[in-house]
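One structure below.
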Amino acid sequence: MYQYYYGYGDTFYYYQGVVDIFNAFFRSPITGLEMIISNYDNYSGEAKDALTYHLLFRQNSAAAVIRTGGFFSLFSFGSFIGTSFGITTLAFLGNWMLYRVFTDIYPKLHLPFAIAVLYVPSLCFWGTGVMKDPLSLAGLGMFVYGLYFLAYKRSRGYILPIFALIIGLYYAAVIKAYIALALMPASLVWITLLYKEKIENKTVRMLMGPVLLVFGTAFGALALMQLGSISEKFALENMMVEVVRTQWWLSVSTERDGGTGYSLGLVEPTVMGMLKTFPAAVNVSLFRPYPWEARKVIVIPSAAEALFTLLFTVYVFVRVGVWTTLKALFKDPTVLFCLIFAIIFAFAVGFTSMNFGALARYKIPALPFYFSALVILLSYKKK
């Protein structure tokens, strides 16, 4: 796609960094390993001399892609297809772990979850290659798996869940900061409400529900505040300014290159300014481009998938009903978790993308959670 349709893309620059690591490793294994496991600021003179693009290694998100690709390149003779296969396998493992969590909670829904988590077309297409998006998927799935089996289920030992949690948190936070922003409060609410279901006394369980919900939300907000104090890029005000700046640049580049863009209107870099665009941003992520907005061949598959998402959403809510849906949100922690994450994440990418081509890639982490929530809701009607 990048080679023959676009003719350019970040993947070319990432791969050049991978090649730099591969070549450096075979000149000096110590230098190659240093480039994989160390930050740019700690590189030796030999490591810096081996780089083609120094700027990429200074950016944590880009460097994470390059270092991961550099590791896989050592087993694939430095080839692009081998490196791409390694990163894509990592993405699949993350998705598979997410699938295992959902099927552990709802064993009878294994086939619908396979469709919702593993077979989404845009996820299978854009969640591949030497790019940030597959590592976002890997981090997301591994984090959820590690959190569930370590903090709640505790049925598979501690080594794999701890390892998955650490790797998942690293990729989720480093690759795209707003993944951590959406995931932290949603996951903490989810785990606390799951623990509520373990309370045997019905009265106590009902009374503890609101308490645990408030506790989980507050703890998630506190965790985000602490995250902002540790790293300035996670501070809310800095993220808002960066988001508006990114939005402006994507709008300019889309107009310059003749891309398929969209607009949410003039947005101020304030909390209220962002909240005003919330419904429109979520709508554009989940249900757009509409069929009449697919003015390029490359956008048609995205428009078809968005139309299916809209029709399936309407079908589920009509079939299940408003009352049953509301009861499920208060009764089922996993439905609430999936929708909280999917909607917050959909807002983040819809607010920043400003381009249907970029949106098709950026939104894929939200899709397995959103479709899984719909699958669970539909199962309530069948019961």
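Counting in numbering that gives the first Met the number 0, the sequence shown runs from 0 upward without gaps. Glycine included, C-beta positions come from ideal geometry on N, C-alpha and C. This one's a predicted model, so the numbers in the text were calculated from it and none came from an experiment.
Does the Cβ-Cβ distance between residue i and residue j come in under 8 Å?
i: R57; j: I35; result: no
i: P367; j: N22; result: no
i: L134; j: L89; result: yes
i: G85; j: I20; result: no
i: S301; j: F355; result: yes
i: A62; j: Y98; result: no
i: A113; j: M141; result: no
i: Y170; j: P160; result: no
i: F72; j: T87; result: The sequence shown places Ser at residue 72, rather than the Phe named in the question. Cβ distance not < 8 Å, so S72 and T87 don't count as in contact.
i: Y105; j: I339; result: no
i: A365; j: A327; result: no
i: V129; j: G77; result: no
i: G16; j: L55; result: yes
i: V319; j: Y379; result: yes
i: L335; j: L193; result: no
i: F311; j: L373; result: yes
i: N59; j: V173; result: yes
i: I80; j: L146; result: no
i: F11; j: Y3; result: no
Rounded to whole angstroms, what's the CA-CA distance from residue i to residue j? Just pull it up for me.
i: F233; j: K131; result: Note on F233: pLDDT 43, under 50, position unreliable in the model; no value is reported.
i: A150; j: S186; result: 11 Å
i: F91; j: A137; result: 7 Å
i: V315; j: F307; result: 12 Å
i: L309; j: K362; result: 15 Å
i: A49; j: Y13; result: 14 Å
i: Y5; j: Y157; result: 45 Å
i: I297; j: A280; result: 21 Å
i: F148; j: C337; result: 17 Å
i: V100; j: G260; result: 36 Å
i: G126; j: L325; result: 32 Å
i: C123; j: K107; result: 24 Å
i: Y118; j: E45; result: 44 Å
i: E231; j: A176; result: Residue placement at E231 is flagged as unreliable, the pLDDT there being 47, under the threshold of 50; the coordinate-derived value follows with that caveat. So the alpha carbons of these two residues sit roughly 11 Å apart.
i: T102; j: T276; result: 35 Å
i: G31; j: T51; result: 14 Å
i: K295; j: P111; result: 31 Å
i: F286; j: V188; result: 26 Å
i: S37; j: K47; result: 12 Å
i: V283; j: H109; result: 29 Å
i: I166; j: F74; result: 20 Å
i: V313; j: V321; result: 11 Å
i: E292; j: V64; result: 32 Å
i: Y289; j: P28; result: 51 Å
i: K152; j: S43; result: 44 Å
i: T323; j: I343; result: 23 Å
i: L274; j: R26; result: 53 Å
i: L377; j: K195; result: 23 Å
i: S352; j: S121; result: 16 Å
i: V116; j: D9; result: 26 Å
i: T168; j: Y7; result: According to the sequence displayed, residue 168 carries Leu and not Thr. Going from the Cα of L168 to the Cα of Y7 covers about 30 Å.
i: M271; j: P278; result: 13 Å
i: E33; j: F24; result: 9 Å
Per DSSP, which one or two residues make a beta bridge with residue i?
i: N354; result: G260
Looking at the structure shown, is residue i part of a helix, part of a strand, or coil, going by DSSP?
i: I104; result: helix
i: P111; result: helix
i: S37; result: coil
i: L73; result: coil
i: Q2; result: helix
i: Q385; result: Since the first residue of the chain shown is 0 and the last is 382, residue 385 is not available in this structure.
i: D9; result: helix
i: T51; result: coil
i: V17; result: helix
i: Y170; result: helix
i: A327; result: helix
i: P367; result: helix
i: P288; result: coil
i: R99; result: helix
i: A293; result: coil
i: Y151; result: helix
i: V129; result: coil
i: L89; result: helix
i: A372; result: helix
i: V281; result: helix
**Request:** Tell me, please, whether the stretch 347-367 touches the stretch 173-182 by the rule of three or more beta-carbon pairs shorter than 8 Å.
**Result:** The answer is yes - the stretch 173-182 touches the stretch 347-367, with three or more Cβ pairs under 8 Å.
**Asked** Three or more C-beta pairs closer than 8 Å, one from the stretch 288-304 and one from the stretch 329-338: is that the case here?
**Response** Not touching, per the Cβ criterion.
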